[in-house]
Structures are given as structure tokens and as C-alpha cells.
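>
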Amino acid sequence: ADDGAMLIKQIDAGDYRLPTFDMFEAFTDNPYFTIWREIYALYPDAKYILTVREEQRWIDSCVKFFRHRRMRPMREWMFGPHANPASSPQARQAWLDAYRAHNDAVREFFAAHPEGTLRLVRLCLMPGPLVDLMRAELGR
């Protein structure tokens, strides 16, 4: 496994038609949330979901999750010296700033697009798979 190195190389070359697009119907996490504008340009008729959480709970979860994980190229590509949110107060703040900026940019971008293109889903801790929550939110 290359830990995303090939995807990073492709994205850095300006080629956003990732091989994963032919393999799956839905995407989350990285690198997809970093290239969502480019994905929209490729797939303007797709549906987009912005999941949001209370930000202190979100960053606490990130810090806990990444605290003892090995560093992967994708996180270094996205966050540079702040790739581990547990490494310092500055890294934690960089992740919070990126979270806020991402959510604001997505909301602003999709405000100018047809209603229903973007669904806002507020995540909370609840029993049952996330898929069930998404289906309920999307009315499926």
C-alpha cells in the first residue's frame, strides 16, 4: 500500500479523475474533502453531503483518534507540520481552523447552486450505523 502517495501525486499534477471514482459510488474523508470543488466540476449533478459536528467534540475525537497513529503521507500533504492534531496546541488549532474554513466554504459555494445539491447533516452520537442515519436524512 502506498498510503495515498499515488493519489497525492495525481492530484498535485492537476488530474482529479481519481481511479477510485470508477470503483465506488460515494466518498468521504481524504483526499475527497480537500478537492471537493474539483469533484463538483467533474460531477455537477451529484449530491453532496456536508456532515457537521459540534467542533469541540470533533477536535477532541480527532486528537484521541490520531494521538498514537503513524503518520501517513495524506495527512502530511493536507496539514504539513500540523499533521497530528495531538502533537501541539498549534496543530489542534490548525485542524479546527481547517474544519471551520472547510464548512464555511462548502456552505457558501453550494448556496449559489440548485436546492438539494447539498445536504447538511448534523452528526450526533446515536446507536445504529451511520448509513441508517444518512438514509433517514435523505429520505430513502
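If you're matching positions, the sequence shown starts at 2 in the working numbering and goes up one per residue.
For each residue, glycine too, the CB sits at the ideal point set by N, CA and C.
(1) Look up R120 in the DSSP assignment and say whether it is helix, strand or coil.
(2) Measure the C-alpha to C-alpha separation of F80 and Q94 and round it to an integer number of angstroms.
(3) Do A87 and F67 have their C-beta atoms closer together than 8 Å?
(4) Quick one: which unbroken alpha helix (DSSP H) runs of 4-plus residues sit fully inside the region 55-96? Chain order, please.
(5) Taking just the CA atoms, how far does R38 sit from R54?
(6) Under DSSP, the beta strand (DSSP E) around L8 begins and ends at which residues?
(7) Report yes or no: do three or more beta-carbon pairs, one from the region 69-78 and one from the region 17-27, lie closer than 8 Å?
(8) Run through DSSP, which three-state label would Y44 get?
(9) Roughly how far, in whole angstroms, is the beta-carbon of N85 from the beta-carbon of L51, given that I think they are within contact range, below 8 Å?
(10) Is the Cβ-Cβ distance between L8 and P45 less than 8 Å?
(11) Out of curiosity, what's the CA-to-CA distance linking G117 and D61?
(12) On the three-state DSSP scale, how would you describe T29?
(13) Report the rounded CA-to-CA distance for V122 versus Q11, giving the unit in angstroms.
Reading from the atomic positions:
(1) For the purposes of this step, residue 120 is taken as residue 119 along the sequence shown, with counting starting at 1. If DSSP states are grouped into helix, strand and coil, R120 belongs with the strands.
(2) Walking along the sequence shown from the start, residue 80 turns up at place 79. Walking along the sequence shown from the start, residue 94 turns up at place 93. C-alpha separation (whole angstroms): 11 Å.
(3) Walking along the sequence shown from the start, residue 87 turns up at place 86. Walking along the sequence shown from the start, residue 67 turns up at place 66. Going by C-beta atoms, A87 is nearer than 8 Å to F67.
(4) 56-67 and 74-80
(5) For the purposes of this step, residue 54 is taken as residue 53 along the sequence shown, with counting starting at 1. For the purposes of this step, residue 38 is taken as residue 37 along the sequence shown, with counting starting at 1. Distance between the alpha carbons of R54 and R38: 21 Å.
(6) Position 7 of the sequence shown, counted from the first residue, corresponds to residue 8. Taken as a continuous stretch (DSSP letters only), L8 belongs to no beta strand (DSSP E), being part of the alpha helix (DSSP H) at A6 to D13.
(7) no
(8) For the purposes of this step, residue 44 is identified with residue 43 of the sequence shown, where counting begins at 1. Three-state result, Y44: coil.
(9) Locating residue 85 in the sequence shown gives position 84, where the first residue counts as 1. Locating residue 51 in the sequence shown gives position 50, where the first residue counts as 1. Actually they are not in contact, since the Cβ atoms of N85 and L51 sit about 25 Å apart, beyond 8 Å.
(10) As a working mapping, residue 8 is identified with position 7 in the sequence shown. As a working mapping, residue 45 is identified with position 44 in the sequence shown. Taking 8 Å as the Cβ cut-off, L8 and P45 do not qualify as a contacting pair.
(11) In the sequence shown, the residue the question calls residue 117 occupies position 116. In the sequence shown, the residue the question calls residue 61 occupies position 60. So the two alpha carbons sit approximately 31 Å from each other.
(12) Residue numbering aside, residue 29 sits at position 28 when the sequence shown is read from its first letter. Correct three-state label for T29: coil.
(13) The residue you call residue 122 lines up with position 121 of the sequence shown. The residue you call residue 11 lines up with position 10 of the sequence shown. About 30 Å.
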